[in-house]
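In the UniProt record's numbering, the protein residues as written are 1 to 485.
Here is the structure:
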C-alpha cells in the first residue's frame with residue numbers, strides 16, 4: 001500500500017434520498033488503496049454520522065473528512081442548520097454573529113464526524129469586469145476581509161474542525177471566460193501584495209489549518225504563467241518561504257486536470273505535488289493516480305523528502321481534529337438562532353412591498369431547476385396560512401393584487417456572465433410588464449447577491465434573500481408573510 005495514496009481525498013456524493021449506500025462502496029474501495037480522506041456532498045445527517053464512523057474505523061490511518069460548509073452544515077447535510085452566505089454575514093457587520101455562525105457550523109460538522117470545513121472563501125470582490133465571487137466573498141476591503149476571515153477560522157478551529165482559506169493567491173480579479181484555459185490575473189505585483197494577499201496573511205496569522213490553491217495564473221507573481229496549483233514560485237517561494245505558511249496546501253484535482261495538456265489526471269497530480277501541494281481533492285481514478293505518483297517518485301520527478309513532509313502534514317492535521325462526540329452538541333436553540341440569523345439578513349433593497357393577501361400567486365424566474373427546489377419558499381408561506389398558487393404568467397385579478405416573482409438567476413448570471421445577466425433582466429422585465437398589464441403589483445424576491453438588483457426594473461419593489469438555499473427561501477417567505485394584508 002503506497003503512502004502517496006494518503007495524499008488523495010476522494011469526493012463522495014449522496015443519492016437523491018440523502019443515502020450514502022453507493023458512496024459507501026466507493027469509500028471502502030478507496031480505503032483499501034490507503035487514501036487519506038473524503039469530501040462529502042449531500043446526505044442525511046444521521047446517515048453521514050454512521051458513514052464517517054465506519055470509514056474511520058476501517059481506515060489504517062486517521063482520515064480527513066471534509067465538506068463545503070460555507071453556508072452552514074445545512075448547505076450539504078439535511079437535518080443540519082442552513083446559514084446565510086459569507087457576503088450576507090459581512091453585510092450584517094456583526095462580528096459576534098460571524099463567530100457564532102462559524103462555531104455552529106463546526107459543532108454540527110463535528111457531531112457528524114466531518115472534521116474539515118472547506119471554508120472560508122477569502123477572495124476579494126475587486127473588479128467589475130472580473131468573475132464575480134458573489135455571495136461567497138466577505139467583501140472588497142482587504143483589511144476587513146482579513147479580520148473577518150480570521151474570526152471565522154479561529155471560531156471553527158476552536159471546535160476541533162479544520163478550516164480552509166481559499167483560493168490562494170486570490171480569485172477576485174480572475175476573468176470569467178478563459179475559453180477552457182486557466183484564467184490570467186493581470187494585476188501587478190504591488191497591487192496583489194497590497195490587496196489580494198492581505199486576507200491570506202490574516203488567515204495564516206490565525207493558524208489556518210489548510211489553504212486551497214487557485215486555478216488562475218498570476219504572471220506578475222510567477223512569470224512562467226503557471227496556474228497557482230502548478231507554480232513552485234507561488235507555493236514554495238511566496239507561500240512557504242515569504243509568508244511562512246507550514247500547514248496543508250490543497251489542490252482541486254479536476255480543476256488541475258483542465259490545466260494539464262491532454263487532460264491527464266495522473267500528470268496533473270504529479271505536477272501539483274511537485275509544485276508544493278500536499279493534498280489532492282476529488283481524484284476520479286484513484287488507482288491510476290496512485291500509480292502515476294509512484295512512477296514519479298521512482299523517476300525522481302517527485303522529491304521523496306518533500307512527499308514525506310506532505311504525508312506528515314496530512315497525518316498531523318487528521319490527528320489534530322476532534323473526534324465525533326456530543327460535547328457542546330448543537331441544541332434546538334442553536335437551530336432557532338440560525339433561522340433568526342437568516343431572517344436578519346433578508347432586506348428590502350428598494351420600494352414599498354404590497355401586503356400579501358390570503359391567496360398568493362408565485363411566478364418563478366429561474367435557471368430550469370426542478371419545482372421541488374422551491375419547496376422551502378412555498379411550504380413556509382403555506383405554514384404561515386397562505387394559499388400558494390405557482391403560475392406561469394400573471395392572471396388578471398382585482399386591481400392592485402400583488403404577484404410574488406421569485407428570482408433565482410442561476411450560477412452563470414451570479415458569476416458575472418454578461419449574456420446570462422442580460423437574459424435574466426429581459427425575462428424579469430417581461431414578467432413585470434405582463435403583471436402590470438394584468439393589473440398586478442409585482443414584488444421580486446431575489447435569491448442571489450444584491451449586485452443583481454440591476455436585473456429588476458427600478459420601479460418594482462425588490463427583496464434580497466442572498467441565495468436560493470432552503471434556509472434563505474424560508475427566511476424570505478417569513479419576511480413576506482409578516483406583511484400579510
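C-beta: ideal position from N, C-alpha, C; glycine also. Since we're looking at a predicted model, the values are computed, not measured.
For residue 444, DSSP records a beta bridge to 405 and 462.
The alpha-carbon separation between residue 152 and residue 435 amounts to approximately 43 Å. Our two residues, residue 278 and residue 345, have alpha carbons roughly 37 Å apart in a direct line. Within the region 282-325, the complete alpha helix (DSSP H) segments of 4 residues or longer fall at 286-298 and 304-320, listed in chain order.
Per the C-alpha coordinates, the member of 39, 137 and 32 positioned closest to residue 12 is 39. When DSSP states are grouped into helix, strand and coil, residue 218 belongs to the coil group. DSSP lists 217 as the bridge partner or partners of residue 227.
Under the 8 Å Cβ criterion, the region 426-445 counts as touching the region 456-469, having at least three qualifying pairs. When secondary structure is reduced to three states using DSSP, residue 390 falls in the strand class. DSSP, read as helix, strand or coil, puts residue 48 in helix. Annotation for residue 432: the continuous alpha helix (DSSP H) segment containing it runs 418-437. Annotation: residue 77 is outside any alpha helix (DSSP H) and is labelled neither H nor E by DSSP.
The straight-line gap separating the alpha-carbon atoms of residue 425 and residue 454 is approximately 8 Å. Beyond the five residues adjoining it in sequence on each side, residue 255 comes within less than 8 Å, by CB distance, of 215 and 229 in the same chain, given in chain order. Residue state for residue 243 is assigned as coil, using DSSP reduced to three classes.
In the displayed model, residue 102 falls within a helix according to three-state DSSP. Within the model, the alpha-carbon separation for residue 16 versus residue 247 is close to 35 Å.
Residue 37: member of the beta strand (DSSP E) spanning 37-41, first to last residue. By the neighbour-count definition (other C-beta atoms within 10 Å, threshold 16), residue 185 is a buried residue. Cβ-Cβ separation between residue 67 and residue 74: approximately 11 Å, too far for a contact (criterion under 8 Å). Here DSSP, grouped into helix, strand and coil, assigns residue 185 to coil. The alpha-carbon of residue 18 is positioned some 19 Å away from that of residue 28.
Bridge pairing for residue 11: 39 [DSSP].
Going by DSSP, residue 378 is part of the alpha helix (DSSP H) stretching over 375-383. Between residue 203 and residue 165 a beta carbon distance of about 4 Å is seen, short of the 8 Å cut, so the two are scored as contacting.
Excluding sequence positions up to five before and after residue 318, its CB lies within less than 8 Å of the CB of 36, 37, 61, 62, 63, 64 and 115, all in the same chain and listed in chain order. Exposed is the label assigned to residue 58, since fewer than 16 other Cβ atoms lie within 10 Å of its Cβ. Within the same chain, 63 come within 6 Å of residue 56 by CB-CB distance, once the 5 residues on both sides are set aside.
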